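Enquirer: Got a structure here, written out as structure tokens. Questions coming.
Protein chains in written order, with the working numbering: chain U, 1 to 368; chain H, 369 to 674.
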């Protein structure tokens, strides 16, 4: 049980700077997900906390203790690796007991803890097996068990699900969440998969090129992305972006993407964008905030309407993904399954402008 | 459908013919290869007079006239021969002593370099220290130094250190000559062990030493076994290093020296050589077959997802 603090942490490998001034406070018992594209420094951030990499500048605290110069074994952490890193010549039992044996925990205590963890993960019947006799999912559980028996202050997980097939991944995802609720320990979880991040994290930290972009709860991150990168990274299919001008039109302000692509800004958003009227900005809207004009949900203003050519239709069963085009800009919408969108035809698309996002063209920071 | 039913037997016939040819060629090569050894084996069981007057193949051509005896082996091992007085003193062949001497040389000369090289290979592969690369290159570069050119300088040092003619001296010499290859082989193996394993062990609280003893050594058995076989065969069959550093006194003679002695000054006793040669082959064969089972592929299977 411990909080964690990254205090202005820098990490350089030769000329390459991997972490740039990382400042992060993680509360005790929190499930924090570090997410970002590959090479964004999320794994390095985790490895620095584990002590597997020395940091170049800054301090790292676990609880009140400055662990910057503490060796990995004394940091009271356990880590689950992407590759599981099980000891191939040891049985499952010995794999789980190894860390405790090295710490000279009494034998009876080791036995109790290993059996308890094995029970929790339902791998009790596998304790005598060698890792090579296990399936991917079972190995993954052993790796988790090895971390649990240590009863650490912090669990670190480096993409633990990326080697599992899709079905097992969803199942294990839920199990790790349950484990967190049960153990009530601080979890730090690294992934490149935004779905994992959204479903598991109590808070998500989005990273890019070694810089922390935004840290917030999943819903806030989704609804109020701080910049274009976060907006584009979180959510699937990704948010649509358009280069547009904010122009004063009769009776208000409009987002002008093209000649036939003019959308009125709702009154509630006027204050946010007033500084950029007359300027070019990026306009963003999520696919689910576009509606087929025939099936507009109640409460959505139908005036922000655009006629668009349908390029591709992907029926998903519960909804339809349609790639549509206007003024040479293609964008994607998630429409009601009853929608009449047909490839090669045109359709009317309603934009729910209450959900729009406007980003500064230079800084790419959100205005709304 | 018709094409497949027609094509299948034809393909199978061609495949069978190919396999047949492979077997024929392999059998011919094997026969060529083992004929001299078979000749040696047959000769070792023939009486001295027969060996000197006719070739070993006469046993095959005229099986009814063939005579066999174990006297050659008895003589070589210093066992009493029925109807003859046991040899004593200088007439004794002393292969038994030579075998023990050779084991005394070969076993430590195999184990010591493996231990040192495994430590060194681990250090070179996984411990970051300044000059690591340069040192490693230096060690590997020593692979190209022929040991013959270092004999005289080392012998002079040994004389100064009073190591000449001692087993310790031979062990150290064999160790030194074997180390570059050992370090190189083991480094190549140990450096392929996934990094995650070490890091996981570090987090589990292991020191470099525990990682070495609990992870590296058990996981490196295939590499250790293959080097052990190389080094053992090399030290077992070595004549030069033992002759230079141990000397040629009968008390310390190794098998190869003894075999050379058996041949006699004019090669007149080569019936004994045949028996001696076979005795000297037994131990390497035992070593080879007992270590061979460690060459199990996929020892790393299950540690990390590939």
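Idealized CB from N, CA, C, for every residue including glycine.
All of these numbers come straight from a predicted model, not from anything done at the bench.
1. Bridge partners for residue 325 of chain U per DSSP, in chain order?
2. Determine the DSSP secondary structure at residue 415 of chain H, reduced to helix, strand or coil.
3. Among U:265, U:306 and U:339, whose alpha-carbon lies nearest the alpha-carbon of residue 327 of chain U?
4. With respect to the alpha helix (DSSP H) encompassing residue 520 of chain H, which residues constitute its N-terminal and C-terminal limits?
5. Could you pull out every residue in the same chain whose Cβ sits closer than 8 Å to the Cβ of residue 267 of chain U, ignoring the five residues on either side in sequence?
6. Taking the DSSP output, what are the residues bridged to residue 10 of chain U?
7. Taking C-beta to C-beta, are residue 131 of chain U and residue 142 of chain U nearer than 8 Å?
8. Any beta-carbon of chain B closer than 8 Å to the one on residue 237 of chain U?
9. So what does DSSP say about residue 157 of chain U, is it helix, strand or coil?
10. Is residue 496 of chain H close to chain U, meaning its C-beta is less than 8 Å from at least one C-beta of that chain?
11. Can you list, in chain order, the residues of its chain whose CB lies under 8 Å from that of residue 29 of chain U, leaving out five sequence neighbours each side?
12. Listed in chain order, which residues of the segment 565 to 577 of chain H have Cβ atoms closer than 8 Å to some Cβ of chain U?
13. Is DSSP giving residue 244 of chain U helix, strand or coil here?
14. Spell out the partners DSSP gives residue 34 of chain U in its beta bridges.
15. Using a Cβ-Cβ cut-off of 6 Å (strictly less than) and excluding sequence neighbours within five positions of residue 66 of chain U, which residues of its own chain qualify?
16. Residues in the same chain with beta-carbon distance under 6 Å from residue 615 of chain H, minus the five sequence neighbours each way, listed in chain order, please.
17. By a C-beta neighbour count over all protein chains shown, 10 Å radius and 16 as the cutoff for buried, is residue 278 of chain U buried or exposed?
18. Compare the C-beta of residue 592 of chain H with all C-beta atoms of chain U and state if any pair is closer than 8 Å.
19. Could you please give the first and the last residue of the uninterrupted alpha helix (DSSP H) stretch that includes residue 263 of chain U?
20. Quick check: does the Cβ of residue 474 of chain H come within less than 7 Å of any heavy atom belonging to the ligand HEM?
21. Tell me where the alpha helix (DSSP H) around residue 17 of chain U begins and ends.
22. Against chain U, with Cβ distances strictly below 8 Å, would residue 562 of chain H count as a contact?
23. Measuring alpha carbon to alpha carbon, tell me which of U:228, U:203 and U:208 ends up nearest residue 220 of chain U.
24. If contacts are defined as beta-carbon pairs under 8 Å, then residue 621 of chain H and residue 440 of chain H qualify, I think. What distance do you get, rounded to the angstrom?
25. Just to confirm, is the Cβ distance from residue 10 of chain U to residue 56 of chain U under 8 Å?
26. Does residue 52 of chain U get closer than 8 Å to chain H when you measure Cβ to Cβ?
27. With 8 Å set as the bound, which would you pick, yes or no: does the beta-carbon of residue 587 of chain H sit closer than that to a beta-carbon of chain U?
28. Report yes or no: is there a C-beta of chain H within less than 8 Å of the C-beta of residue 155 of chain U?
29. Does the beta carbon of residue 583 of chain H come closer than 8 Å to any beta carbon on chain U?
30. May I have the straight-line CA-CA distance separating residue 200 of chain U from residue 211 of chain U, to the nearest angstrom?
31. Kindly indicate if chain H contains any beta-carbon less than 8 Å away from that of residue 83 of chain U.
32. For the segment 121 to 166 of chain U, which segments carrying the beta strand (DSSP E) assignment without a break, of at least 3 residues, lie completely within its bounds, in sequence order?
33. Counting only Cβ pairs nearer than 9 Å, list the residues of chain H close to residue 39 of chain U.
34. Where DSSP assigns a beta bridge to residue 214 of chain U, which residues make up the other side?
35. Tell me the rounded alpha-carbon separation between residue 345 of chain U and residue 353 of chain U.
36. Three or more C-beta pairs closer than 8 Å, one from the segment 488 to 500 of chain H and one from the segment 546 to 561 of chain H: is that the case here?
Expert: So, from the data block:
1. U:309 and U:330
2. coil
3. U:306
4. 515 to 529
5. 252
6. U:57
7. yes
8. Chain labels in this structure do not include chain B; the protein chains are U and H.
9. strand
10. no
11. 1, 184, 185 and 186
12. 565, 567, 568, 569, 570, 571, 572, 573 and 574
13. strand
14. U:190 and U:205
15. 59
16. 533
17. exposed
18. no
19. Unbroken run through residue 263 of chain U is the beta strand (DSSP E), 261 to 264; no alpha helix (DSSP H).
20. This structure does not include the ligand HEM; it has no bound ligands of any sort.
21. From DSSP, residue 17 of chain U is part of no alpha helix (DSSP H) but of the beta strand (DSSP E) over 16 to 26.
22. yes
23. U:203
24. About 19 Å separates the two Cβ atoms, so there is no contact after all.
25. yes
26. yes
27. yes
28. no
29. yes
30. 22 Å
31. yes
32. 154 to 158
33. Result: empty, since nearest Cβ-Cβ is about 18 Å, beyond 9 Å.
34. U:206
35. 24 Å
36. yes
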